Amino acid sequence: MVREMPARVGDRSVDVDLPAGAVHWVGAQEHSGHNVGDTPTHSIFVELKEPAPATGGSTVLGPL
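Numbering-wise (the numbering used here), the sequence shown opens with residue 796 and increments by one.
If you want it as structure tokens, here you go:
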């Protein structure tokens with residue numbers, strides 16, 4: 796289990812608990828995080844080359 800705290804966007808923050816091997820999609824956002832767990836973390840970020848379709852959605856914070 797990886798515990799990352801806080802995941803922050805602007806004035807909003809959330810605690811994120813992820814089981815080992817978890818895979819999540821997170822929409823484009825600026826964020827910061829700090830591993831407060833007992834185990835090391837490794838992350839792989841993939842940036843899509845094509846823009847996302849235009850939507851009126853709000854900014855999402857944390858894994859979906």
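All C-beta atoms in this analysis are idealised placements derived from N, C-alpha and C, irrespective of residue type, glycine included.
Quantities reported herein were computed from a predicted structural model and do not represent experimental measurements.
Neighbourhood of residue i by C-beta distance below 8 Å, restricted to the same chain and skipping five residues each side
| i | result |
| --- | --- |
| residue 833 | none |
Inter-residue Cα distance where the pair is residue i and residue j
| i | j | result |
| --- | --- | --- |
| residue 807 | residue 824 | 12 Å |
| residue 819 | residue 840 | 10 Å |
| residue 810 | residue 817 | 16 Å |
Other residues of its chain near residue i: CB distance less than 6 Å, five sequence neighbours each side excluded
| i | result |
| --- | --- |
| residue 849 | none |
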